Amino acid sequence: MHSLIQLSIVVLLLPLLSFVILIFFNRRLPRRGDFIGLGILGTAFGISAYIFWSVIVQAYDPAFRIAWDFTWIDLGNVPGVGPLQIKMGVVIDNLTAIMLAMVTLISLLVHLYSTGYMAGDKNYGRYFAFLGIFTFSMLGIVLSDNLFSIYIFWELVGLSSYLLIGFFFEKDSAADAQKKAFLANRVGDIGMWLGILILYSQFHTFSFEQIYANLAAGNFGLSNAWLTAAGILLFMGCVGKSAQFPLHVWLPDAMEGPTPVSALIHAATMVAAGVYFVARIFIMLTPDALHVIAFIGACTAFMAATIAITQNDIKRVLAYSTVSQLGYMVLGLGVGAYSAALFHLVTHAFFKACLFLGSGAIIHAMHHEQDMRWMGGLRKHMPWTFATFTLATLALAGLPLTSGFLSKDAILAGAIGFAKVEGGGIYYLIPVLGFFSAMLTAFYMGRQIWLVFFGDSRTHLKPADTSHQAHHAHDTHATHADAHHSTHAVHEVSWNMRAPLVILAALSIYAVYSPDPLDGAKGWFMKMIPTPATVVGAANPQKGALLTSNAPLHLASVVPSSETAAPALAATPVAAEHAVATAEHGEAKGGHIYSDPRQAEIVHAGHAAHFTAIYISSIMVALGIIMAFVVYVFKIIDPEKTARLIRPLYLFSLNKWYWDEIYDATVIKGSMALAKMLSWFDAKVVDGMVNGVALLVKKFAFLNDSFDKHVVDGMVNFTAFTVNTTGAVLRKLQTGKVQTYVVMLLLAVFGYFIFYFTRLIY
Amino acid sequence: MFELPSGAEIQGIIATLKASVGFFIPEIYLSVLFMLLIVIDLVAKGRKNNLLAITTLVGLAGSTLFIFQQHSLPPGELFFGMYVLDEFALFFKYFFVLSGIIAVIVTMVDEQFDREVKSMGEYYALIVAMVIGMIMMASSADLLMIFLSMELVSFTGYILAGYFKRNARSSEAALKYLVYGAVSSGLMVYGFSLIYGITAQTNLIKISHELAAHGSDSLVMIFASLLVLAGFGYKIGAVPFHFWSPDVYEGSPTPITAYLSVASKAAGFALLIRFFYIAIPHGGLAVENKLGLDWVTLLIILSVSSMIYGNVVALWQKNVKRLLAYSSIAHAGYLLLGIIVMNNQATLLYLLSYFLMNFGAFYVVILIANKTGSENLEDYRGLGIKMPLAGAALTVFLISLVGLPPTVGFIGKLYIFSALLSKGSLYIGIALVGIMTSVISLYYYMLIPLNMFLRESKRPDDKSMTLAVAPQIFMTALMILTLVFGIFFAPLSDFANYSSAMFGMTLPLH
Amino acid sequence: MLSLIVFLPIIAGLVILAVPSSQKQIIRIVSLLAALAQGVLAVLIWKGYNPALPGITAGPGGSPLGSFQFVEKVPWISLHLGGFGSLNIEYFLGVDGISVTMVILTALVSAIGVLSSWTIQKQVKGYFILYNLLASAMMGCFVALDFFLFYVFWEIMLLPMYFLIGIWGGPNREYAAIKFFLYTLFGSVFMLLVMIALYFSVLDPVTGNHTFSLVAMATQSNYIKDAILGPDNVMWRYVAFIVLFIGFAIKVPMFPFHTWLPDAHVEAPTPISVILAGVLLKLGTYGMIRINFPLFPEVFHASMYVIGIFGAINIIYGALCALAQQDLKKMVAYSSISHMGYVLLGLSAGNSEGMVGALYQMFNHGTITAMLFLLVGVIYDRAHTRQIDKFGGLASYMPVYAAVVTVAWFASLGLPGLSGFISEALVFVGAFSSPTTRYIAMVSVLGIVFGAAYLLWSLQRMFLGTRKADAAYDLQIGTDGHEHIHFHDWKGKIDLDGRELAMLVPLLLITLFLGIYPMPVLGMLTSSINKLVQVLSPVVMSQM
Amino acid sequence: MEQLTTIGLNHYLTISAFLLGFGLFAVMTRKNAIVILMGVELILNAANINFLAFSKYNGGMEGVMFALFIIVIAAAEAAIALAIVINIFKIFKSVDVSTVDTMKE
């Protein structure tokens, strides 16, 4: 077993250890054992940093991939299949290394931050335990080498998010939110599960490696439609986790959880897991599937942005911006800007975490006031927060010199290229939506900054009563807040909450990723995470024949066993064509090649569109910021008046496009009604279906009370009704008069005689 | 016109009679016992009745010895074919003697007798007489003997049913029994006359030879055998000849009810089997046509209607005795199934199981009636707690009547249905009816445990319900037998198999 | 060995019979000892079991040995019958992978049941006698390899169950009890007919007689060609299969024969619900696997589709009905209808993954649902109500209970890391892999969501948020200034007490362990299941 | 001609059939228990006539024997019947069988 593998397993198990210790013993430990969680995460980060260093920095290899697995379930010698095992295992490649480092780092920072933020909560220890199990499952997703274990950790992440969202479970809103989140995720998961099933039913394995090898070898028994379906279904998992349209509704509500949790789970890591998963399965997605993904991403990005502009809750604005940014990533993957999307995933993780932690600091300082309308003028009180928050905001808005600029621009460039390659038309909608959302992003982030930090404090404007309920709800905070509630002294937060802000803000600067402030593609990240070659050659409409012909070779970038084959690929015409492309664009692509011409074209066109993208997006962002200034700084346009002017639109945005209402009216009410109906059906009809008509039975029981009710009710089956009626009739024959008996006797004899007589005649 | 027999013939006749008497010892012994009882009654007037009871018990028990000796005798006919001795007959001899014994035991515990009647004088004598009559029913091979023995059983039955003279229901039972019985036996004997007219024979074996040889006018034959069946049907209490039974069973003294519902029913079956198997056997359609009567269909109708009617109407009964009466109608239906497929073993085994469980049930009913003074379902509420053993025993007997393992009743049902299915898919329809009706029967049988265990007593009187030791022991013994034979039924099955042989069978039993 | 494990409880019952009914504690302890001894034996059997031997059909030379294990084969009834050949009934016990898991489950659940019966106060003696009778019968069903013996055990179960529900049950117990009894008997009487018909259709290859041995029946070559259930008699084979299937489906219970279950559960006392859900329902599916399918493989093949559809209906229908329930116990009852649907679905797949999944689901459902009913019992003991809306915010006041409930609930909704997940996953994998049931599986996955829905919703309504206005309990400020919960007329510990933990913790650990490492159970199943799949595969049918 | 003059088997049978009919009619319609019993006697005598006639026309003694026994049985039956009816009269103060129906259904 490779040493890195061992290390990664250690990293995986450490947070679990912290969970186990804390969940059982936190009350017996000093400080509820938060230092344990912190220390363990520190170690974990240290190890993953080492992995990152040795994989990415020390000796970078584009096709680096080490895997290890063990038999988890052994089904023996299955008839028709042969020996069948279900394996579990971990894999480390470049992407994994980066993700490992990122997840552990952010988790560490959030742990640190929480020691300040959650101080004094009655379930303090449990909180860290939950953080531990979350980190464990997240790392599990990152490290998994097969679909099955990804699905497992997927569900576990769902669980830990459930637990953390509902951490203040006394609040009904929190309880609702956690249920909503879990269910929404489940809906996505069943799609993902079906996708997994489609693949398994063909190859009897869950392992990525073998599935891709089989796909490349063209062993997929079903039609390409099934393959596309599999892709889309797997993507549904991402729709759930990454809060893509139409399953995005849970994420904003998830803000009921503690703010650090929102930072860790609902901004940086868990929601990114969906994107990460799509990246993992990227090479088996058919073009059709990719188109669907791209459109979903675009819609999400745009919709969320439009909603964000009218929200007043500071965390909700960030939540919707998260949704919007995730939309960008998905869009990026959809259009084939693989590296850019993942790049955005990383950068976004950092600055969005920074924003959330910052908002947490603000809320903390404002004694759990979350409504931006009652904030303002905070920059004087909390300079550190202000600085970091602003920096992160710029990154999110995508201004040059920030990391956000690099990644977002790369995605948009890819989108343009994609639209070009696909032949324009409807496909231009995607970049257009992308740019438009970029503008909106700039606008609502500007609005937020202004409302929160500038102007004068508007706390006094707030109708008092509501606020008190708001935070009396989570009791411990209430006490903690009441301490200095009397004096509304807003003060900067303590160091352990400040440090993470600074670190994260620092990580949102362009220099970390790329020497060139205007081009992420020059940066190490995009060099090191190349777009892998697709394996769905047979499913690829354009160059199907060609690709199937040298399908085995495409494994080069997937299967380590045939690394040696990699150079040979340079000979393929595709590579040649691409060589030309790269040549005229005059930049080295880290030696990796695009075996899939479609991808090649897209990437090439993307690079071609690079500067167009820069121009347009800069203009858009500028527009957005200017608008924000116009509205909120110079007060040239009064927001209220505008809102009244375009009331329908305003309400539409304010009410989040009415998605909750729609779901409530259709899905939830629908299924509840169905359930009620069915259970009525069950009690009334099925219970009596066996006997035909339960009603009749009841009536019958009613008719003769002489007859013990329990019979009729009890024997809800055929005998009940028929038998008893027949009995009721027959027993009348027993008149008690002996002469009638004799008559019966004779009648019987006579009847028999007739019967035989007729039988004799015929 | 009749020339007197010559001396030689008379010598021959006397010789035959002498020889036959040797085969007739149990009957003679029992007749002696009968007279002895009357004498004792006369002598010991006013003394304790137990004397009579004990004598009867001992006497009946003693008769088993003589019956046992008959195993060594070769099967054959005696008294000029009036009477036969074969394993089949032996089986019923044991059966009836045992049921007589149990009837006496049951009577001894029944306290109603103490209230109703002063002297038990002729009671036991009549029981013995009835035993004799039934034994003769089982062994008679001649229409005349059949008629005589049946009448003997009926008459004693009438008297016993009405034994509680001052009790209106008992007397009513007697009257109904009398009228119905008289009419149906009258019809039967009319049918006999017709058969005699057709075949000029009264001996069953000869009759069947006649029919096989010359055939007959099937219409008359059918009419005759329908009338005969009216007689038999009345004895076995199968629908539509059952009407007397519920009233009579309810009205008569409970021991007599038990006795009639088991013994005289069994006697009727013995007669039915012998008559149809010997006189007009069927082994496939050919013979039926030749003998001019497809009595299988006849019995199928009988048995199906009995199973359905008995079980369905029983659902409505509030009186436990009456409920058991209807259930006995249903059981007549099940027994007929065995006869239809001409499988003596199954029938006899079922009879044995029925013997155990029905007597057991009635025994417990009497014990309970002694304490509560009532046989109404309502008054059974909460008895299970007051007298757990009786409750358990009754439950076992009822479960056995339903036919659930591990009770002997299940074995009976198992054999009956096996007999049906061993004919392939021919009789599956009837088997289904039997199965379904037994599900129905579960409900009303379970009504009794339901009242005993699941419901609280309406008047929780603290008066103790503890039973005497002896009855408890006997009851437990019956219960254990019911269970043990339900698990190790080999002896019963062997015995039934051994007893299925009949003298003069022209066709193989299968 | 097997005889011992089967008859131990009955022996205990006899001992109890001797104990005066006033000595309640002794009675309880006796039956607990019996249950524990049973558990020990089960463990020994599990240890001694060799997973390599497949079972299902006869081993080399037509004898069960070499295929089944712990075989005990004694001629019980063997007599020549005038009527129909010779009757051979054997006292024939033995286990293979399928039954050994069920044996372990039964031992476990009945031990837990005894523990939870501790609170029974009314007529303790009678209760435990019946309980032990029931335990014996259940165990017997799982190890019997002779159809007659199986049938006997099967029927013996009914009566104790009837009384246990009827006497110690809730207000509406008479109705529930008789309903249960009639439904089940209705199913089993047909089994009797089929059993007899099979008897006349099968010859024991070794002795050449008719036989009740299920092992001989499972080999198609032993059938008499033109017998009533012989290969030629296709129509009757179909009828017999359907009749048998219905008989077992009633026990499962399968829609639309399930209506007895909610009533029975709601009325039954907690331990009986545990037994009912934990073991009795398994008998239905076990019967299908042991009897229905191997004896009529070709019919099974023709009807896979139908079985699958019924499985799907069970899954979704049960889940939706559970969603609408107000009574917590009723909800759990419907949830087990839904979960047994997974078993049916897995069986209908007819491939190893599905069948292993189904078997594993049977085991897990046994442990998990036992846990659920115990938990329902806990709250019912305290609050004397099971109305979900009568609670709220319990998590604050009964943390341990809430934690256990959460784990159990998540186990029931199939959370990875807990055993329920693996079985459901395998079921879906199997059902989806077989083209016959693929689309059914696609529909059934909806069950996952609905399952999560009703469980989470009930969890929220009972444990999260704050106390409802009309809750079944009061809050009072304790000495330490914190709020404390107070149930009317409940003297005992508010949170779980030792006995309850002693029942729940083992189940929790099993659920967790088997969720992480399923092989201890799966390992025993696989070879048998693979053999079964082989027996059921159409190839074999063509050779018969 | 000969049919009319000489009395043949059929005449006997017809008579007995009529007797049977009358007997049954009496049993079914009469209310008085005594009369019902007389009806039963009629039925038995119908059988008697049959037996005698057949025994005459088939030869053999069985019929005659049978008839004799039937007569004896009838006598015994009458004795028992009367005893029961008297008992009924004691209790129900009438011999109308239709009033004797306390037990039914």
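Chains as they are written, first to last, in the numbering used here: chain A, 1 to 762; chain B, 763 to 1272; chain C, 1273 to 1816; chain D, 1817 to 1921. We put the beta carbon where it would ideally sit given N, CA and C, even for glycine. Source: prediction; values computed, not measured.
{"Item": "Contact with chain D by residue 927 of chain B, beta-carbon distance below 8 Å", "Value": "yes"}
{"Item": "Neighbour list for residue 742 of chain A in chain D, Cβ cutoff strictly below 7 Å", "Value": "1843, 1844"}
{"Item": "Chain-ordered neighbours of residue 937 of chain B on chain A, where CB pairs are closer than 9 Å", "Value": "738"}
{"Item": "Residues of its chain near residue 1076 of chain B, where Cβ-Cβ distance is below 6 Å and the 5 sequence neighbours each way are ignored", "Value": "1085, 1088, 1089, 1206"}
{"Item": "Neighbour list for residue 992 of chain B in chain A, Cβ cutoff strictly below 7 Å", "Value": "745, 749"}
{"Item": "Within-8 Å CB hit, residue 1445 of chain C to chain B", "Value": "yes"}
{"Item": "Cβ contact (3+ pairs, closer than 8 Å) linking the region 56-64 of chain A and the region 116-136 of chain A", "Value": "no"}
{"Item": "Residue from C:1595, C:1635, C:1467 whose Cα sits closest to the Cα of residue 1614 of chain C", "Value": "C:1635"}
{"Item": "Sub-8 Å separation of residue 915 of chain B and residue 1913 of chain D beta-carbons", "Value": "no"}
{"Item": "Best match in C:1737, C:1637, C:1538, C:1659 for proximity to residue 1437 of chain C [C-alpha to C-alpha]", "Value": "C:1538"}
{"Item": "Alpha helix (DSSP H) segment containing residue 627 of chain A, residue limits", "Value": "610-628"}
{"Item": "Residue interval of the alpha helix (DSSP H) (run including residue 966 of chain B)", "Value": "966-976"}
{"Item": "Cα-Cα separation, residue 1422 of chain C to residue 1413 of chain C", "Value": "5 Å"}
{"Item": "Whole-angstrom C-beta distance between residue 1411 of chain C and residue 1375 of chain C, which should lie under 8 Å", "Value": "7 Å"}
{"Item": "Beta-carbon contacts of residue 433 of chain A that lie in its chain and below 6 Å, excluding the five residues immediately before and after", "Value": "298, 302"}
{"Item": "Chain A residues whose Cβ lies nearer than 7 Å to that of residue 1920 of chain D", "Value": "734, 735, 736"}
{"Item": "Range covered by the alpha helix (DSSP H) that runs through residue 1641 of chain C", "Value": "1624-1655"}
{"Item": "Beta-carbon contacts of residue 1910 of chain D that lie in its chain and below 7 Å, excluding the five residues immediately before and after", "Value": "none"}
{"Item": "CB-CB length for residue 1368 of chain C against residue 1800 of chain C, believed under 8 Å", "Value": "5 Å"}
{"Item": "Alpha-carbon spacing of residue 1512 of chain C relative to residue 989 of chain B, whole angstroms", "Value": "41 Å"}
{"Item": "Between the CA atoms of residue 1587 of chain C and residue 1574 of chain C - distance to the nearest angstrom", "Value": "22 Å"}
{"Item": "Closer than 7 Å at the beta carbon, the chain B residues around residue 1472 of chain C", "Value": "1183, 1184"}
{"Item": "Buried versus exposed call for residue 651 of chain A [16 or more other C-beta atoms within 10 Å across all chains shown]", "Value": "exposed"}
{"Item": "CA-to-CA distance, residue 1420 of chain C to residue 1813 of chain C, given in whole angstroms", "Value": "For residue 1813 of chain C, the pLDDT reaches just 47, beneath the cut-off of 50, and the residue's location in the model is therefore unreliable, leaving the point undetermined."}
{"Item": "Through-space distance from residue 842 of chain B to residue 1882 of chain D, alpha-carbon basis", "Value": "15 Å"}
{"Item": "Reduced DSSP secondary structure (H/G/I, E/B, other) of residue 1658 of chain C", "Value": "coil"}
{"Item": "Closest residue to residue 1850 of chain D among B:918, B:829, B:766, B:944 (Cα-Cα distance)", "Value": "B:944"}
{"Item": "Close-in-space but distant-in-sequence residues of the same chain around residue 796 of chain B (CB under 8 Å, 5 per side omitted)", "Value": "887, 890, 891, 894"}
{"Item": "Contact under 8 Å by Cβ, residue 1551 of chain C with residue 1638 of chain C", "Value": "yes"}
{"Item": "Listed by chain order, chain D residues near residue 920 of chain B by CB distance under 7 Å", "Value": "1896, 1900"}
{"Item": "Alpha carbon of residue 746 of chain A to alpha carbon of residue 1859 of chain D, nearest angstrom", "Value": "13 Å"}
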